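Asker: Below you will find the structure I want to go over with you.
Numbering (UniProt numbering), first residue to last: 1 to 695.
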């Protein structure tokens, strides 16, 4: 008995020694943060995060393979707790939701009949699926089966519908979809997403410089969800009030309905919902990511700068705008007249952007009142340059500096700034673009009888057609095929006329328009007591005349634009980015807005320590080939909503806004004309449905 006891005691001691040695030899360290992270999760072990239980998810977080928001059940509270343990940027704790950009479903035509295994994964293996659309939803519901939270279903139109209240952003649906239709993203990721060549995009959305989801916001208007429509537009364009008034809507040129009927009045619908918010008595809430403690300086408070600042602020960054003029707005304040964009409306819109926590310093001219070294000393992590194109081009004609001669942007800016400008009774405006037309219509309202001189014909004028027509209705005289050669003055150096040489059109030049060729001996003098030259603008890069050391590597082009990487808008100075007219030369307001967002995307990557790179399949072509239709069968003709506007005799004596907004009934009817296009599919029955619902 005693022997057995001693044996067992010895055996136990030997095991203890062996285990002690083994613990030293085979010791496995476990990061104590794993337990802390796991403790802040829901403890449900549901697997919805994609890991085998909460411990596995915690291990992934500590290893840097999962975000702070990995626990889909715990929500924001869990994410913030995990971020605190890990010392992560809480911005990584934004809610994640699933989105379906494809609304084709059963509308997309089939190439063949499929009778195999009823799953999207199986169908995809057969010629990438049965749909003619290369990227569309197959509709067999693999995503529905993958979702553990009853957050997704196949809707009545044959495509997945996400229930945002149930969605926890686990990504199971995205992983299950073999066509990549469903996307699981945070708000920040949605703001940063760029249109790509394999996205489900309608032609109008492809061509929009701001990449707005046009079919979605029109569908929201049709359903009476005006706030939703505003939010959809604002996800890409923070200046929807301004754009609703001044955008030449290139999207409408590619509207499929226009192939058989008249294009949908997309821009009027944008203005309708923008004005709805303006007059609703409240501002719709704008979500922001948590603060990142990163600082960005935005030089220029025009549309590009405001857009860049807006998206950077929503991404959680601290932004300061530096503007050379007394007020923010840039060219949309000082270059677009009151009758097109009332300043009170612009002020309201800009204030909504500043309310995101953006600081603004006006009367601050870069290179004169402050420089790049000052910004570096203040601790800015990146700089955006959106200085616009404020330098008017000269006529290069004798006498253009006489008293009574003006340049277009300078003239419009002085009027917009409330300065007293001495105008003539019979002015001549030289040029054929939007600035020239704005000068014409402004002078008419100031009491002048205006003539516009243009070196080509009316057909070649680059100004918006509606603006040209408005100028004609308001009484402008046009002298086409006329190139100024000399400003005629009196003995006191005051303008009394303009000499021009008659032109004829030759072969097309680089712009695609026929080149004007002088007619020898055709010089003619027009009487005039004021000349406004509006023949083009360039960026003002006078700050480069005496460049500081910090700017030594900043390069400019022969057009005075900032040299940059076209994909990322990054310059040769890595922390400086550009956008708008200072990057492209004079362009559309909506193009500047799109450039501002694109730059914000790159700046966000830079300040967060990521590689600055473009979207993998960035959409650059005018239209994806398979979406470029020649005919659209099945469309029932219906009239486009006319633009409501003030009668000519009421508008030419004041600067009251000319174009008015659609009433609700007209907006709903116009939204019903939209064919709900996607990449290849469209709704042939739209008009029948609209007519039935109206009845």
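Idealized CB from N, CA, C, for every residue including glycine. All of these numbers come straight from a predicted model, not from anything done at the bench.
Taking only the alpha-carbon atoms, compute the straight-line gap between residue 67 and residue 55 and give it to the nearest angstrom.
Answerer: By one-based count along the chain shown, residue 67 stands at place 67. By one-based count along the chain shown, residue 55 stands at place 55. Residue 67 and residue 55: Cα-Cα distance of roughly 14 Å.
Asker: How about residue 215 and residue 310: are their beta carbons less than 7 Å apart?
Answerer: Working through the chain shown from its first residue, we reach residue 215 at position 215. Working through the chain shown from its first residue, we reach residue 310 at position 310. No.
Asker: How should residue 339 be labelled, buried or exposed, when 16 other C-beta atoms within 10 angstroms of its C-beta is the threshold for buried?
Answerer: Here residue 339 refers to the residue found at position 339 of the chain shown. The residue in question, residue 339, is buried, as its Cβ has 16 or more Cβ neighbours within 10 Å.
Asker: So if DSSP puts residue 154 in a beta bridge, which residue, or which two residues, is it bridged to?
Answerer: Here residue 154 corresponds to residue number 154 of the chain shown, with the count starting at 1. Answer by DSSP bridge pairing, in chain order: 160.
Asker: Contact between the stretch 293-306 and the stretch 193-213: three or more CB pairs below 8 Å?
Answerer: Because the criterion of three Cβ pairs below 8 Å is not met, the stretch 293-306 and the stretch 193-213 do not touch.
Asker: Per DSSP, what kind of secondary structure is residue 284 in: helix, strand or coil?
Answerer: Position 284 of the chain shown holds residue 284. Note: residue 284 maps to coil in three-state DSSP.
Asker: Between residue 376 and residue 297, what straight-line distance do the alpha-carbon atoms span, to the nearest angstrom?
Answerer: Within the chain shown, the letter at position 376 stands for residue 376. Within the chain shown, the letter at position 297 stands for residue 297. For residue 376 and residue 297, the distance between alpha carbons rounds to 10 Å.
Asker: From residue 471 to residue 125, what distance separates their C-alpha atoms?
Answerer: The residue you call residue 471 lines up with position 471 of the chain shown. The residue you call residue 125 lines up with position 125 of the chain shown. Each residue's alpha carbon lies about 59 Å from the other.
Asker: Helix, strand or coil for residue 454 per DSSP?
Answerer: Position 454 of the chain shown, counting from 1, holds the residue named residue 454. If DSSP states are grouped into helix, strand and coil, residue 454 belongs with coil.
Asker: Would you kindly work out how many angstroms separate the C-alpha atoms of residue 160 and residue 474, rounded to a whole number?
Answerer: Here the question's residue 160 lines up with position 160 in the chain shown. Here the question's residue 474 lines up with position 474 in the chain shown. Straight-line Cα distance between these residues: approximately 52 Å.
Asker: Output the residue ranges of the alpha helix (DSSP H) runs that lie fully inside the stretch 169-221 and measure 4 residues or longer, sorted by chain position.
Answerer: Qualifying alpha helix (DSSP H) stretches, in chain order: 172-176, 187-192 and 203-207.
Asker: Given that a residue counts as buried once 16 or more other Cβ atoms are within 10 Å of its Cβ, and exposed if not, what is residue 148?
Answerer: Taking the first residue of the chain shown as position 1, residue 148 is located at position 148. Residue 148 should be labelled exposed.
Asker: Output the distance between the C-alpha atoms of residue 550 and residue 119, rounded to the nearest integer angstrom.
Answerer: Your numbering for residue 550 matches position 550 in the chain shown. Your numbering for residue 119 matches position 119 in the chain shown. Computed Cα separation, rounded: 59 Å.
Asker: Would residue 204 and residue 247 be called neighbours here (beta carbons separated by less than 7 Å)?
Answerer: The residue you call residue 204 lines up with position 204 of the chain shown. The residue you call residue 247 lines up with position 247 of the chain shown. It is not a contact, given that the beta carbons lie outside the stated cut-off.
Asker: On the DSSP bridge assignment, give the partners of residue 483 in chain order.
Answerer: Along the chain shown, one-based indexing puts residue 483 at 483. In DSSP, residue 483 forms a bridge with 501.
Asker: State the Cα-Cα distance for the pair residue 279 and residue 249, rounded to the nearest angstrom.
Answerer: For the purposes of this step, residue 279 is taken as the residue at position 279 of the chain shown. For the purposes of this step, residue 249 is taken as the residue at position 249 of the chain shown. Approximately 24 Å between the Cα atoms of the pair.
Asker: Would you list the one or two residues that DSSP bridges to residue 98?
Answerer: For the purposes of this step, residue 98 is taken as residue 98 along the chain shown, with counting starting at 1. DSSP lists 184 as partners of residue 98.
Asker: What's the C-alpha gap between residue 90 and residue 77?
Answerer: By 1-based counting over the chain shown, the position of residue 90 is 90. By 1-based counting over the chain shown, the position of residue 77 is 77. Residue placement at residue 90 is poorly supported in this model, since its pLDDT is 49, which falls under 50; the coordinates still yield a value, given next. Cα to Cα, residue 90 sits roughly 11 Å from residue 77.
Asker: Apart from the five residues just before and just after residue 136, which ones in its own chain have a Cβ nearer than 6 Å to its Cβ?
Answerer: If you number the chain shown from 1, residue 136 lands on position 136. Cβ neighbours of residue 136 beyond the five flanking positions: 102, 104 and 108.
Asker: Go to residue 445, then tell me how far its alpha helix (DSSP H) extends in each direction, as first and last residue.
Answerer: As a working mapping, residue 445 is identified with position 445 in the chain shown. 434-445 is the extent of the alpha helix (DSSP H) around residue 445.
Asker: Under a three-way DSSP split, which group does residue 392 fall into?
Answerer: For this step, residue 392 is matched to residue 392 along the chain shown. Looking at residue 392 - three-state DSSP - the assignment turns out to be strand.
Asker: Quick one: give me the first and last residue of the beta strand (DSSP E) that residue 322 is part of.
Answerer: Position 322 of the chain shown, counting from 1, holds the residue named residue 322. Segment 318-322, the beta strand (DSSP E) holding residue 322.
Asker: Which residue's Cα is closest to the Cα of residue 345: 368, 332 and 357?
Answerer: Start at 1 with the first residue of the chain shown, and residue 345 comes out as number 345. Ranking the options by Cα distance to residue 345, first place goes to 332.
Asker: Comparing alpha-carbon positions, which option in 575, 581 and 589 lies nearest residue 608?
Answerer: Against the chain shown, residue 608 aligns to sequence position 608. Among 575, 581 and 589, the Cα nearest to that of residue 608 is on 575.
Asker: Quick one: Cα of residue 334 to Cα of residue 413, how far?
Answerer: In the chain shown, the residue the question calls residue 334 occupies position 334. In the chain shown, the residue the question calls residue 413 occupies position 413. Roughly 4 Å separates the two Cα atoms.
Asker: Looking at the strands, I want to know which residues DSSP matches up with residue 131.
Answerer: Against the chain shown, residue 131 aligns to sequence position 131. 110, per the DSSP bridge assignment.
Asker: Should residue 434 go down as buried or exposed, given a rule of 16 or more other Cβ atoms within 10 Å for buried?
Answerer: By one-based count along the chain shown, residue 434 stands at place 434. Label assigned to residue 434: buried.
Asker: Measuring alpha carbon to alpha carbon, tell me which of 570, 371 and 656 ends up nearest residue 542.
Answerer: Numbered from 1 along the chain shown, position 542 holds the residue referred to as residue 542. Selected option, being the one with the closest Cα: 371.
Asker: With a threshold of 16 other CB atoms inside 10 Å of the CB of residue 653, please say whether the residue is buried or exposed.
Answerer: The residue given as residue 653 occupies position 653 in the chain shown. Burial call: exposed.
Asker: Are there three or more Cβ pairs, one per stretch, closer than 8 Å when the stretch 418-429 is compared with the stretch 610-623?
Answerer: No: fewer than three Cβ pairs fall under 8 Å.
Asker: Which residue marks the beginning of the alpha helix (DSSP H) containing residue 373, and which one marks its end?
Answerer: Working through the chain shown from its first residue, we reach residue 373 at position 373. 372-377 is the extent of the alpha helix (DSSP H) around residue 373.
Asker: Please state whether the Cβ-Cβ distance between residue 466 and residue 450 is less than 7 Å.
Answerer: Working through the chain shown from its first residue, we reach residue 466 at position 466. Working through the chain shown from its first residue, we reach residue 450 at position 450. Result no, Cβ atoms of residue 466 and residue 450 do not sit closer than 7 Å.
Asker: Please look up how many angstroms separate the CB atoms of residue 169 and residue 97, rounded, as I've assumed it's under 8 Å.
Answerer: Counting from one through the chain shown, the residue named residue 169 turns up at place 169. Counting from one through the chain shown, the residue named residue 97 turns up at place 97. With a Cβ gap of about 5 Å, residue 169 and residue 97 count as contacting.
Asker: With distances taken Cα to Cα, identify the nearest neighbour of residue 480 among 457, 489, 492 and 129.
Answerer: Along the chain shown, one-based indexing puts residue 480 at 480. Among 457, 489, 492 and 129, the Cα nearest to that of residue 480 is on 457.
Asker: Please look up how many angstroms separate the CB atoms of residue 559 and residue 585, rounded, as I've assumed it's under 8 Å.
Answerer: Here residue 559 refers to the residue found at position 559 of the chain shown. Here residue 585 refers to the residue found at position 585 of the chain shown. That belief holds up - the Cβ atoms of residue 559 and residue 585 are roughly 5 Å apart, short of 8 Å.
Asker: Please determine, among 501, 518 and 318, the residue with the shortest C-alpha to C-alpha distance to residue 507.
Answerer: To locate residue 507, count along the chain shown from 1; it is residue 507. The residue with the shortest Cα to Cα distance from residue 507 is 518.
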